[in-house]
Amino acid sequence: MNDLFKRRKKKAKVAPPDKAVTPPAAAAPEHKQPDKPVLTFGDLGLAGWLVQACDALGLKRPSAIQRLAIPPALAGSNVLGLAETGSGKTAAFSLPILHRLFEDPYGVFSLILTPSRELAAQIAKFLRIIGEAQKLRVQCVIGGEDVVRQSLELTNQRPHIVVGTPGRLVECLDSGLREMIGNLRCLVLDEADRLLENARDDVKAVFGALKKPQVLLYSATSTKPLETFSGALKCIKVEGSKASIPKTLVQEYVFCPKRVKLAHLAQVLLGFDLADKRDEESRGTPADRDWRPRSALVFAQTCRRVHEVHAVLAHQSIDARALHSQLPQYDRTKALEAFQQRRSQILVCTDVASRGLDLPAIDLVINFDVPRDPDDYIHRVGRCARNGHHGLAVSLITQSDLAYLAAIEGCLGSRLAKCARFSEKSLPLQDVARAVESVGSLKQRD
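Counting in this note's numbering, the sequence shown runs from 1 upward without gaps.
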């Protein structure tokens, strides 16, 4: 299967770009839609026990991606499923796996790869809950934990499904995992675009240990490498709801010099005075003068920036948690749990939290660092104002970010509004300067 990962040599150009003829891409196999309307999970052909398990979890009617992706997956076809975060992709690949597994349960039936530890743990939790009646065995194999213990658990527990991150799974291949997955029936790449971009070599190593399993690829974003990869696998391509900006989301920007970005961030968070944790939801809309968001995501571009921002906010007595890939696993788990359980209202994070993770309703998204890719912007702010709720996205723009802002506005087809909620006179410059000095490790960039 490693032929999928061969780099193709670029062909020499034979004509200027404006005259070159580009051959049409091969069309993905089409899946015939059911003749009857799909109203329940039972209509999709799932086993009765699975339909009952879905009902017990409050999953009454399949979402668009589930209606489209489950039938070809049940038939054993390779599938490329594209849909936005929160559309039900986890159930879209989990349900057909469980249906087929318990038709003939044996060994390790499926391996699920994810780009982040948090997403792997979340998927494993969902599988354990929905497969509890069948005594489903699920093993989560992720970095940040004892690899020897994980290898022993794999050998002793003989899970039906293994969920993990590529790097740690590759580490376990020579500790017994390779033999366990030799007859694997189904391989899932969740957030496949990120896996192919950031963990291609590890994904290749995992593919090299397999024979020819069914492959299910899921992503919120379609990229050229993903389309090429899925085409080589002859995946049936299905598309649910695409990532988009909620109509109830207000988008604004604050233009500020780099040296005072932290002061502007503190001003926004302190100025909004997040609503009491006991309130079920924020009141009113961002257009109201007394609007108070209940929860906020603050995105920074790198792990170091997350650490710096979190440290300064903590010095300002702003209750926030940090989440990035270089934190110890215990700290990552506790930070995410605190935010999910609303024990903390602010999460400072990298893009690890922009997709896939199950987060509570978000009222406020702040781009401390503007994303370089407009798609990343859409995923970040799309975390906010879901299911008809109102929300606000504020991006801090410096003189170096104008090109990124233009790219984002070009992708959106509209301009972001300038934030006029706060006065320059109220910037907490001295307080933040003292915080920066106290933290010590933070180096201001000119």
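Backbone N, C-alpha and C define an ideal beta-carbon position, used for all residues, glycine too.
How long is the line joining the alpha carbons of residue i and residue j, rounded to whole angstroms?
i: D376; j: L173; result: 33 Å
i: E308; j: C54; result: 42 Å
i: E197; j: D290; result: 43 Å
i: L412; j: R178; result: 45 Å
i: A338; j: A124; result: 19 Å
i: K261; j: V147; result: 40 Å
i: T85; j: A243; result: 7 Å
i: D369; j: R117; result: 23 Å
i: A320; j: L113; result: 30 Å
i: P257; j: V306; result: 19 Å
i: L46; j: S94; result: 11 Å
i: A64; j: R383; result: 19 Å
i: I346; j: K135; result: 37 Å
i: G131; j: A296; result: 33 Å
i: G48; j: F41; result: 9 Å
i: F255; j: H264; result: 9 Å
i: I397; j: L405; result: 8 Å
i: Q52; j: T90; result: 17 Å
i: Q326; j: D43; result: 44 Å
i: R168; j: L323; result: 20 Å
i: V250; j: S344; result: 23 Å
i: G88; j: L313; result: 34 Å
i: V38; j: I97; result: 20 Å
i: L210; j: G107; result: 14 Å
i: P24; j: K224; result: Reliability fails at P24, whose pLDDT of 38 lies under 50, so the model's placement of it is uncertain and the value that follows must be treated cautiously. Using only the alpha carbons, I get a separation of about 14 Å.
i: D273; j: K60; result: 38 Å
i: K204; j: Q150; result: 22 Å
i: V170; j: V352; result: 21 Å
Hey, would you say residue i sits closer than 8 Å to residue j, going by beta carbons?
i: Q341; j: A266; result: no
i: G449; j: A120; result: Because the chain in this structure spans residues 1 to 446, residue 449 falls outside the shown range and cannot be described.
i: T285; j: T350; result: no
i: R380; j: A220; result: no
i: D202; j: P166; result: yes
i: L184; j: S110; result: yes
i: F207; j: L402; result: no
i: E252; j: A417; result: yes
i: S175; j: L80; result: no
i: R386; j: P293; result: no
i: L233; j: N78; result: yes
i: S400; j: N367; result: no
i: S222; j: L82; result: yes
i: L152; j: M180; result: no
Spell out whether any CB of chain C is found under 8 Å from the CB atom of residue i.
i: L187; result: Here chain C cannot be found, since the structure has a single protein chain.
Which two residues bound the contiguous beta strand (DSSP E) that contains residue i?
i: D97; result: According to the sequence as given, residue 97 is Ile; it is not Asp. No beta strand (DSSP E) holds I97; the alpha helix (DSSP H) holding it covers K89 to L101.
i: C186; result: C186 to D190
i: R321; result: R321 to L323
i: G81; result: V79 to L82
i: F299; result: A296 to F299
i: L217; result: Q214 to S219
i: Y253; result: L249 to F255
i: L111; result: S110 to L113
i: V141; result: V138 to V141
i: L347; result: I346 to C349
i: L396; result: G391 to I397
i: V365; result: L364 to N367
i: V238; result: I236 to E239
Ends of the alpha helix (DSSP H) at residue i?
i: S151; result: V147 to Q157
i: I129; result: R117 to I130
i: F272; result: K261 to F272
i: K204; result: R200 to G208
i: S230; result: K224 to A232
i: G410; result: L402 to L412
i: C172; result: P166 to C172
i: G284; result: Taken as a continuous stretch (DSSP letters only), G284 belongs to no alpha helix (DSSP H), as it is neither H nor E.
i: L336; result: Q329 to Q340
i: R304; result: C303 to H315
i: W49; result: G48 to A56
i: H379; result: P374 to V381
i: Q66; result: A64 to L74
My guess is that residue i and residue j are in contact by the Cβ rule of under 8 Å, so how many angstroms apart are they, rounded?
i: V365; j: A393; result: 4 Å
i: H310; j: V348; result: 5 Å
i: F422; j: V268; result: 7 Å
i: Q122; j: D358; result: 6 Å
i: T228; j: G388; result: Actually they are not in contact, since the Cβ atoms of T228 and G388 sit about 37 Å apart, beyond 8 Å.
i: V76; j: P328; result: This sequence places Gly at residue 76; Val is not what is there. No, G76 and P328 are not in contact; Cβ-Cβ is about 41 Å, not under 8 Å.
Review point. With contact counted as at least three CB pairs below 8 Å, one residue from each stretch, are the segment 156-165 and the segment 101-121 in contact?
Key: Because the criterion of three Cβ pairs below 8 Å is met, the segment 156-165 and the segment 101-121 touch.
Review point. Is the number of C-beta pairs between the segment 232-241 and the segment 66-84 that are closer than 8 Å three or more?
Key: When C-beta atoms of the segment 232-241 are compared with those of the segment 66-84, three or more pairs fall below 8 Å, so the two segments count as touching.
Check your understanding: Counting Cβ pairs closer than 8 Å, one from the segment 204-216 and one from the segment 126-140, do we hit at least three?
Key -> Output reads no: the segment 126-140 does not touch the segment 204-216.
Check your understanding: Does the segment 56-67 touch the segment 184-197, meaning 3 or more C-beta pairs lie closer than 8 Å?
Key -> Cβ pair count under 8 Å is below three, so no.
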